[in-house]
Amino acid sequence: ETRFGVPNNANFNNLNLLQPRAGVTWGATDNLEITAGVGRFSGGDPSVWLSNSYTNTGLSVGSAFSADPLVIGGFDGVNLPQAMLDANTASGLAGTGAVNLVDPDYEMSSIWRFTLGAKQHADLSGMGLGDNWLFGVDALYTIQENPNIWQNLDLAQIGTAPDGRPIYNSQFGYGANGALMLTNSDLTPKTFVLSGYFNKDIDLDRFHSTIYAGYAYTDAEDVNPATSSTASSNFENVAAIDYNNPIIARSNYGVKHNFTARWDIGYEFFRDLETRLSLFGQLNSGKYFSYTFDTNGGSDAFAGGANLFGDSDDSERRSQIYVPTGPTDPLVDFSQLTQSQIDELFAFIDSSGLSEYAGKIAPRNGFKSDWWGKIDLRFEQQLPGFRDGDKLRLILDIDNFTNLLNDDWGIYREVTFGGSGHNAAIIESEIAGGQFVFTDVDTGAARQNIITNASTWQINFGVRYDF
Numbered sequence: 005e006t007r008f009g010v011p012n013n014a015n016f017n018n019l020n021l022l023q024p025r026a027g028v029t030w031g032a033t034d035n036l037e038i039t040a041g042v043g044r045f046s047g048g049d050p051s052v053w054l055s056n057s058y059t060n061t062g063l064s065v066g067s068a069f070s071a072d073p074l075v076i077g078g079f080d081g082v083n084l085p086q087a088m089l090d091a092n093t094a095s096g097l098a099g100t101g102a103v104n105l106v107d108p109d110y111e112m113s114s115i116w117r118f119t120l121g122a123k124q125h126a127d128l129s130g131m132g133l134g135d136n137w138l139f140g141v142d143a144l145y146t147i148q149e150n151p152n153i154w155q156n157l158d159l160a161q162i163g164t165a166p167d168g169r170p171i172y173n174s175q176f177g178y179g180a181n182g183a184l185m186l187t188n189s190d191l192t193p194k195t196f197v198l199s200g201y202f203n204k205d206i207d208l209d210r211f212h213s214t215i216y217a218g219y220a221y222t223d224a225e226d227v228n229p230a231t232s233s234t235a236s237s238n239f240e241n242v243a244a245i246d247y248n249n250p251i252i253a254r255s256n257y258g259v260k261h262n263f264t265a266r267w268d269i270g271y272e273f274f275r276d277l278e279t280r281l282s283l284f285g286q287l288n289s290g291k292y293f294s295y296t297f298d299t300n301g302g303s304d305a306f307a308g309g310a311n312l313f314g315d316s317d318d319s320e321r322r323s324q325i326y327v328p329t330g331p332t333d334p335l336v337d338f339s340q341l342t343q344s345q346i347d348e349l350f351a352f353i354d355s356s357g358l359s360e361y362a363g364k365i366a367p368r369n370g371f372k373s374d375w376w377g378k379i380d381l382r383f384e385q386q387l388p389g390f391r392d393g394d395k396l397r398l399i400l401d402i403d404n405f406t407n408l409l410n411d412d413w414g415i416y417r418e419v420t421f422g423g424s425g426h427n428a429a430i431i432e433s434e435i436a437g438g439q440f441v442f443t444d445v446d447t448g449a450a451r452q453n454i455i456t457n458a459s460t461w462q463i464n465f466g467v468r469y470d471f
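Throughout, our numbering is defined as the position within the sequence shown, counted from one, plus 4.
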């Protein structure tokens with residue numbers, strides 16, 4: 005409180021929020037049902053965000069960072085250099101260890117949710133398609149109020165970068181972990197989801213089948229995705245322009261297009277003992293990611309790891325890139341690059357879609373990884389149980405059956421979540437003379453890595469007894 009004018013003893017007591025809700029269901033006809041709803045919803049935020057204040061007081065845990073080869077050059081992977089230990093102890097004694105706190109004016113985050121849906125049972129026999137059809141459509145719109153964000157109170161603006169973003173510096177030497185406050189943004193991110201589906205059941209004596217297909221379109225925004233239990237990760241693991249004042253962008257969790265399908269087919273080769281084969285398919289657009297700078301931290305013995313925008317080295321790859329207009333862009337000095345690197349950079353800008361933002365800062369989560377699709381398979385066989393009416397079911401599940409058929413199918417790729425989020429750090433840069441000085445280009449950082457667990461087939465056997 006002495007340093008920042010904010011006490012670190014605030015908690016979640018006496019946080020009140022009125023959550024009115026209303027819903028209506030209207031049977032418009034015997035076959036058409038319409039639903040609508042509106043309400044405010046809150047809750048579910050991890051209590052660990054509060055506990056961080058008790059475990060990170062600035063005194064209980066010291067903090068020291070060094071990128072100096074003279075300090076870390078002899079590190080054997082087990083025994084920390086004495087200089088690091090001494091610096092960490094000094095940090096704890098000086099009260100500049102990691103500090104987490106809750107804003108005394110913190111408000112519970114909430115969303116207003118508006119829904120509208122319809123279900124239609126239809127007989128399409130006149131078209132030769134039979135009856136027992138179900139069609140549905142749903143729309144969802146949400147507005148978030150008081151979204152959670154984290155701010156580093158130790159950062160003070162000391163300048164402005166060539167593209168207009170702020171440059172920060174540590175006020176009290178808190179270093180990499182900072183003095184991080186859980187607070188609220190006054191921005192209101194919104195989400196819109198539109199989905200539709202159909203379902204068809206067929207029952208013919210011993211033959212049973214179900215066909216289902218659905219599609220969902222999602223346009224979701226957030227201010228901070230809040231991916232972690234710790235304040236430092238929530239502050240750092242998100243691409244940003246202004247570290248302490250994040251803005252609305254596409255959500256980390258949104259999938260723009262999502263197709264799903266299911267086909268069940270069952271036949272009773274023996275009366276009341278069904279043999280069933282089920283196929284489940286999905287196809288969705290890729291996960292969003294951001295193009296960022298790789299901004300190196302300081303190399304002084306204990307510089308706090310500040311990068312060229314003043315953030316800690318833990319998150320050196322989360323500053324959204326400025327996209328140059330061309331080799332003569334007045335905001336960029338290309339003299340440290342070879343001609344082949346310059347050619348590589350602008351070829352990549354053209355091919356990746358970054359050219360749309362020439363002369364601007366590329367948006368957070370403005371780009372998508374590849375589409376992904378797979379088919380899962382289930383086989384079930386019913387057998388008689390020990391008593392009348394009991395059934396024993398043998399189950400075979402094959403997850404990612406497509407990959408079992410062909411090693412090149414069902415492969416899921418994305419720009420993976422690293423130490424600073426789903427970011428592709430393609431440009432190394434410094435700032436000098438009012439310009440960005442590009443020092444290296446690594447377009448390979450945008451490669452999409454195979455996510456092994458989602459890309460490989462897996463077979464499971466199961467037994468179930470129904471009684």
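From the three backbone atoms N, C-alpha and C, an ideal C-beta is built for every residue, glycine too.
Are the beta-carbon atoms belonging to phenylalanine 211 and tyrosine 271 less than 7 Å from one another? yes
Pick from Leu63, Val467, Phe8: whose alpha carbon is nearest that of glycine 389? Val467
Residue(s) in a DSSP beta bridge with aspartate 226: Ala253
Classify glycine 163: buried if its beta carbon has 16 or more other beta carbons within 10 angstroms, exposed otherwise. Glycine 163 counts as exposed, since fewer than 16 other C-beta atoms from the protein chains shown sit within 10 angstroms of its C-beta.
Tell me which same chain residues have a C-beta within less than 6 Å of the C-beta of glutamine 371, skipping the five on either side of it? With the sequence shown as reference, residue 371 is identified as phenylalanine, and glutamine is not the correct amino acid for it. Contacts found: Phe293.
3-residue-minimum beta strand (DSSP E) runs that sit fully inside the region 171-225, ordered along the chain: 183-188, 194-208
Complete runs of the beta strand (DSSP E) confined to the region 370-411 [at least 3 residues]: 376-388, 395-403
Bridge partner(s) assigned by DSSP for threonine 164: Pro170
Go ahead and label tyrosine 58 buried or exposed: buried means 16 or more other beta carbons lie within 10 angstroms of its beta carbon, across all protein chains shown. Using a 10 angstroms sphere on the CB of tyrosine 58, the tally of other CB atoms stays under 16, which defines it as exposed.
Considering only their Cβ atoms, is the gap separating glutamate 384 from arginine 397 smaller than 7 Å? yes
Please classify phenylalanine 239: does DSSP put it in a helix, a strand, or coil? helix
For isoleucine 463, report the span of its beta strand (DSSP E) as first-last. 462-470
Going along the chain, which residues of its own chain have a beta-carbon closer than 8 Å to the beta-carbon of asparagine 453, five neighbours each way excluded? Excluding residues up to 5 positions away in sequence, Arg417, Glu418, Val419, Thr420 lie with their Cβ nearer than 8 Å to the Cβ of asparagine 453 in the same chain.
Which residue marks the beginning of the alpha helix (DSSP H) containing threonine 456, and which one marks its end? Start and end: 456-459.
If we count Cβ pairs, one from each stretch, closer than 8 Å, do we get three or more for the region 142-153 versus the region 190-200? yes
Taking the Cβ atom as the reference point for each residue, do tyrosine 172 and glutamine 161 lie within a distance shorter than 7 Å? yes
Starting from glycine 96, follow the alpha helix (DSSP H) in both directions and report where the run begins and ends. Run containing glycine 96: 86-98, per the alpha helix (DSSP H) assignment.
Determine the direct distance from the alpha carbon of threonine 296 to that of isoleucine 430, and round the result to whole angstroms. 6 Å
Work out the CA separation of aspartate 374 and serine 129 for me, nearest whole Å. 40 Å
For asparagine 12, is the classification buried or exposed, using 16 other Cβ atoms within 10 angstroms of its Cβ as the cut-off for buried? buried
Rounded C-alpha distance that separates glutamine 439 from threonine 332: 12 Å
Could you please give the first and the last residue of the uninterrupted alpha helix (DSSP H) stretch that includes glutamate 348? 343-356
Quick check on DSSP: helix, strand or coil for serine 232? coil
Would you check if the distance between the CB atom of leucine 4 and the CB atom of serine 46 is smaller than 7 Å? This structure cannot speak to residue 4, because the chain is shown only from 5 to 471.
Compute the Euclidean distance between the alpha carbons of aspartate 470 and glutamine 286, then round it to the nearest angstrom. 30 Å
When the distance is taken between beta carbons, is isoleucine 402 closer than 7 Å to serine 459? Not in contact: serine 459 and isoleucine 402 (Cβ atoms no closer than 7 Å).
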